[in-house]
Amino acid sequence: MDFVFKLVGFIFIVSIVQSKGNVRDLISVKLNENTIYDCVDIYKQPSLSHPLLKNHKIQLEPSFSISKPKNQVKRESERENIIECPNGTVPILRNTKRYVANAQYWTEKHLNPLTADSHGTHIAGVRTTDQGPYRGVIASLSVHDLNISRDQASYAHIYIGSGIYNKVNFIQTGWMINPSLFGDGRAWSYGFWKGANGAGCYNTICRGFVQVSKTDHLSGPLPQLPAGGERAISVSIQQDKKTGNWWTTDIRSNEPDVHIGYWPKELFDLISKSANIVGVTGSVQASPSGQSPPMGNGHFPTDDDAGSARVGEVKFIDNDFVVKGSDQYKLEKLLDSNKCYGLKDGKKLILFKYGGPGGNSCGI
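Residues -19 to -1, 1 to 345 (mature numbering (1 follows the signal peptide of the UniProt record, and there is no 0)) make up the sequence shown, in order.
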């Protein structure tokens, strides 16, 4: 009988320990009804169950350091650190049914930056004209608040990619306003990828992106500022020389950079070794009625840099992993609707200015 009591007591203690362990696994942060982050064991995050990542070994940090872009945008605020997961865990956006359904809807409409012919989209930006190869892109993007309806989206991003015939691989990251997807009208950081067999998605909606940072997440709200305040994010997509994985990093002006995570090379069949095109653009997705939303800061670019949405210094990473200024490349300007949007060359550390109010019949 004494043995039985000891055995029961042992089981009870183990149960308590297991319960405490589960509590850590269930730490969550709720931003709104559609947006909840769960702190998940880094080695048990959903992406690692992707069939192409069966033998993937997590890379905890990249083998490179970032060459910071110089920035003329006054950075009163950068990304908002609203999550602090325990050591050994990472923040993963919870895939609620509504969030997944909305993300699938917007994935079908998302701009293909390599062809720029996605239905209902408009762009203003630049991309390289030669076929690389490239290993990455680094840029500073001004961030703005816009009035966007629930059936529209407006965003600015950097991207890398390759295409052949009707097949494409690409990765994007930047900021986006999409009330339907994110559940509010704020500007959010985001990532998007399309890989082998046409697979891909926003953020971590599908398995693929490997989260490494315990504080900075791939997609989260960017802090709003008082009227007249200016803000920007500096972002990068860079291939790791040792592993071939494509990393994205939150580049900070006065603090250490934060390596958020990466898209494993196994996800791609065209960019597993390098990319053929890199670029930076502002983009919008019109509503089904044809009404196009504002882009950039909602105004046409002017001669005054401070009054325009802008892309600061941009750097490209060549096939030898050497970081070079955009002035060493021939760039193609992209503007498909000068009726609703504009694109102007910048000065000094501003590569270009862009944006516009949108409106009806922007494609005419």
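Note that CB positions come from ideal geometry on N, CA and C, so glycine has one too. This one's a predicted model, so the numbers in the text were calculated from it and none came from an experiment.
Asked                                                                                                                                                     : Found
Locate the beta strand (DSSP E) running through residue 315, then write down its first and last residues.                                                 : 312 to 316
Give the list of continuous beta strand (DSSP E) stretches no shorter than 3 residues that lie fully inside the stretch 126 to 189.                       : 134 to 145, 148 to 158, 169 to 175 and 181 to 183
Taking C-alpha atoms, which residue in 308, 291 and 298 lies nearest to residue 334?                                                                      : 291
Closest to residue 343 by CA distance: which of 101, 231, 175 and 300 is it?                                                                              : 101
Is residue 34 helix, strand or coil by DSSP?                                                                                                              : helix
Less than 8 Å between the C-beta atoms of residue 9 and residue 18, yes or no?                                                                            : yes
Rounded to a whole number of angstroms, what is the C-alpha to C-alpha distance between residue 325 and residue 256?                                      : 27 Å
Among the residues of its own chain, which have a CB less than 6 Å from the CB of residue 270, if the five just before and after it don't count?          : none
Grouping DSSP H, G and I as helix and E and B as strand, with all else coil, what is residue 23?                                                          : helix
Thinking residue 138 and residue 262 are a contact (beta carbons under 8 Å), I'd like their distance in whole angstroms, please.                          : 7 Å
Identify whether residue 255 lies in helix, strand or coil by the three-state DSSP scheme.                                                                : coil
Look up residue 297 in the DSSP assignment and give the residues it is bridged to.                                                                        : 118 and 305
Who are residue 333's beta bridge partners in DSSP?                                                                                                       : 292 and 326
Nearest by alpha-carbon distance to residue 277: which of 285, 336, 287 and 318 is it?                                                                    : 336
Helix, strand or coil for residue 6 per DSSP?                                                                                                             : Low confidence applies to residue 6: its pLDDT is 47, below 50, so where it sits in the model is not reliable enough to give any reading.
Please confirm whether residue 219 and residue 293 have their CB atoms less than 8 Å apart.                                                               : no
Tell me whether residue 267 sits in a helix, a strand or coil according to DSSP, three-state version.                                                     : coil
Pull up the DSSP beta-bridge partners for residue 103, would you.                                                                                         : 265
Under a Cβ-count criterion, where at least 16 other Cβ atoms within 10 Å of its own Cβ denotes burial, should residue 41 be classed as buried or exposed? : exposed
Whose C-alpha, out of 144, 167 and 146, is nearest the C-alpha of residue 130?                                                                            : 167
Output the boundary residues of the alpha helix (DSSP H) element that contains residue 81.                                                                : 78 to 90
With residue 217 as the anchor, note down where its beta strand (DSSP E) starts and where it stops.                                                       : 212 to 220
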